[in-house]
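Numbering (full-length UniProt numbering), first residue to last: 1 to 345.
Using N, Cα and C, we set each Cβ at its ideal position, and we do this for glycine too.
A short write-up of the structure that comes next.
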Amino acid sequence: MSSSTSAPGPATGLPQHLNIVALETVFTGLPPITLPAPYTFSLTVYERTHSDQVAERLKDADIAIVTTVVITPKALESCPRLRLITAIVAGTDSLDLPACQARGIRVLNAPGCNVDAVAEHAVGLYFATRRKMVPSMQQLHQGLWPERRTIIHSVLTNGEAPRSLREETVAIVGYGGVGKRVSTLLKALGMKVVAAGRKGESTAPEGRVPFLEALAMASVVVICCPLAPDTMNLISTAEFEAIKQADCVLINVARGGVVDEEALLVALQRGQIGGAGVDVFAVEPAGPATSPLLTAEVAASGLNLVVTPHTAWLAIQTKANQHAMLLENLHGFITGDMAPERIRA
1 MSSSTSAPGP
11 ATGLPQHLNI
21 VALETVFTGL
31 PPITLPAPYT
41 FSLTVYERTH
51 SDQVAERLKD
61 ADIAIVTTVV
71 ITPKALESCP
81 RLRLITAIVA
91 GTDSLDLPAC
101 QARGIRVLNA
111 PGCNVDAVAE
121 HAVGLYFATR
131 RKMVPSMQQL
141 HQGLWPERRT
151 IIHSVLTNGE
161 APRSLREETV
171 AIVGYGGVGK
181 RVSTLLKALG
191 MKVVAAGRKG
201 ESTAPEGRVP
211 FLEALAMASV
221 VVICCPLAPD
231 TMNLISTAEF
241 EAIKQADCVL
251 INVARGGVVD
261 EEALLVALQR
271 GQIGGAGVDV
281 FAVEPAGPAT
291 SPLLTAEVAA
301 SGLNLVVTPH
311 TAWLAIQTKA
321 NQHAMLLENL
331 HGFITGDMAP
341 ERIRA
């Protein structure tokens, strides 16, 4: 659901004393909470909450502070007092926004807090993948350098040495805050960067390249778009077939469901692409039982696959930004002075 375009006024009908429940502080912690006078509050803090615990923990809450816990419409039925859900993160795909709106629950998020961290992580994944650091590290640990006298073949792709920065053409899929920051960083390194248009559109807005055309010209594809119904499995078998550069590397710092993991594994195994750097997974927390990218067979296969456990967002500045936006959202909800781009329901 897109952000509201109306300008809501101050919250009405709120009790002067508010019950605030923070459902999961394990990821971001909390700043010291304040509310505008004359409002007072009680704060209940949980380090972790499972989805089946949400209804019980929010049954008397006026305000919920969340990160990624799933809150279902069924759980909301048990929360008659709930007026605000404020996410300390940008993503709200764990919330049923239409159900929240139907029940009069305002949903606010915290966009842009992690732009620098995610963009920098994407660049790190690019270098690790392009230079095939994982396969060469594995061969070092196996003691193959002394045995074979050289293992430079571990960094070759189809018999060719890695591209240098000025030889790269990057297609960025998702040109929001993170995509733009990735573009700035990669251009500064000397790479050619294009922003891909939307999938399914035969033409792209000015300044962008049609989706399939961008894939066809790219030697690097960076996925930065949010997960939504129209971006689920945005990159799958047909898209990997549209990539023409056999040494192309794909970097995903968006959401796991945007890239079809089975199709990605097949593309790596068939040599349709030269490597992948992945920070996000379709099912999280991810492991061998939930992701084909994390099996023991894949780890031992020597594929050029770099994986990190959804840590691209993590940085000192990210946490500071998240805490600042949380306080702004709490105060803005009560006073009516909410940033329109943060209103999700």
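DSSP on residue i, reduced to helix/strand/coil?
i	result
residue 13	coil
residue 227	coil
residue 305	strand
residue 335	helix
residue 160	strand
residue 33	coil
residue 118	helix
residue 26	coil
residue 243	coil
residue 235	strand
residue 4	The predicted position of residue 4 is uncertain, since its pLDDT is 42 and thus under 50; no value can be drawn from it.
residue 184	helix
residue 100	helix
residue 316	helix
residue 202	coil
residue 177	helix
residue 141	helix
residue 58	coil
If we ignore side chains and look at the alpha-carbon of each, how far apart do residue i and residue j end up?
i	j	result
residue 86	residue 65	5 Å
residue 142	residue 151	11 Å
residue 51	residue 83	19 Å
residue 234	residue 81	38 Å
residue 208	residue 220	16 Å
residue 340	residue 174	21 Å
residue 97	residue 111	16 Å
residue 63	residue 320	21 Å
residue 171	residue 241	15 Å
residue 168	residue 130	10 Å
residue 186	residue 284	29 Å
residue 223	residue 43	38 Å
residue 179	residue 198	14 Å
residue 204	residue 214	10 Å
residue 343	residue 34	20 Å
residue 300	residue 9	58 Å
residue 324	residue 31	8 Å
residue 158	residue 244	14 Å
residue 17	residue 67	24 Å
residue 45	residue 202	49 Å
Thinking residue i and residue j are a contact (beta carbons under 8 Å), I'd like their distance in whole angstroms, please.
i	j	result
residue 76	residue 113	Going by Cβ atoms, the distance from residue 76 to residue 113 rounds to 26 Å, so no, they are not a contact pair.
residue 313	residue 117	6 Å
residue 107	residue 57	Residue 107 to residue 57, Cβ: 18 Å. No contact.
residue 306	residue 121	About 11 Å; that fails the 8 Å criterion.
residue 293	residue 327	About 38 Å; that fails the 8 Å criterion.
residue 268	residue 303	5 Å
residue 181	residue 119	4 Å
For residue i, write down the residues that DSSP places opposite it in a beta bridge.
i	result
residue 169	192
residue 20	43, 63
residue 106	84
residue 343	108
residue 209	196
residue 222	172, 251
Cβ-heavy atom distance between residue i and the ligand FAD below 6 Å?
i	result
residue 61	With respect to the ligand FAD, the structure offers nothing, as it holds no ligand at all.
For a minimum of 4 consecutive residues, which ranges assigned as the alpha helix (DSSP H) are wholly contained in the stretch 247-313?
261-270, 296-300
If you scan the stretch 63-95 from start to end, which runs of the beta strand (DSSP E) of 3 or more residues do you find wholly inside it?
63-66, 84-87
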